[in-house]
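Remarks on the structure that follows.
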Amino acid sequence: MTQIIIDHNPSQEKLKELGVSSWNIWDCAPSKFPLDFTMTEKAYVLQGEFTVTPQGGEKVTIKAGDYVEFPKGLKSQWEVVKQLKKHYKHF
1 MTQIIIDHNP SQEKLKELGV SSWNIWDCAP SKFPLDFTMT EKAYVLQGEF TVTPQGGEKV
61 TIKAGDYVEF PKGLKSQWEV VKQLKKHYKH F
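All residue numbers for the sequence shown refer to full-length UniProt numbering, where the first residue is 1 and numbers rise by one.
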């Protein structure tokens, strides 16, 4: 299974190169829900904290300032711990 990729300290150059500031923004209040990815999603977390537990995998914690890639086909359980706001784009 393809793994979730997390860059805990992406450079401003990388974010600019990816065009992150032009991506959509998603807000989510603290909650728990399943999330299945039908496309690859790339995201940059502006605020908040959440955990993602891939089906059959280890839980990962993602926080403000993290750049993350969720692979197409990923089945996961999310827990938004602190109000979440992120830039995201589907590929």
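We put the CB at the ideal spot given by N, CA and C, even for glycine. All of these numbers come straight from a predicted model, not from anything done at the bench.
| task | Kindly list the residues whose CB is nearer than 6 Å to the CB of H90, restricted to its own chain and excluding five residues on each side of it in sequence; keep chain order. | result | Here residue 90 corresponds to residue number 90 of the sequence shown, with the count starting at 1. Exclusion of the five residues before and after H90 leaves M39 and E41 as the residues of its chain whose Cβ lies within less than 6 Å of its Cβ.
| So is L35 buried or exposed if we call it buried at 16+ other beta carbons inside 10 Å? | Position 35 of the sequence shown holds residue 35. Taking every protein chain shown into account, the CB of L35 has fewer than 16 other CB atoms within 10 angstroms, so this residue is exposed.
| Around the Cβ of I62, are there at least 16 other Cβ atoms within 10 angstroms (buried) or fewer (exposed)? | As a working note, residue 62 is residue 62 in the sequence shown. It is buried - the Cβ of I62 has at least 16 other Cβ atoms within 10 Å.
| To the nearest angstrom, how far is it from the Cα of T53 to the Cα of Y88? | Position 53 of the sequence shown holds residue 53. Position 88 of the sequence shown holds residue 88. Each residue's alpha carbon lies about 19 Å from the other.
| query | According to DSSP, which residues form a beta bridge with residue 92? | reply | There is no way to answer for residue 92, as the model of the chain reaches only from 1 to 91.
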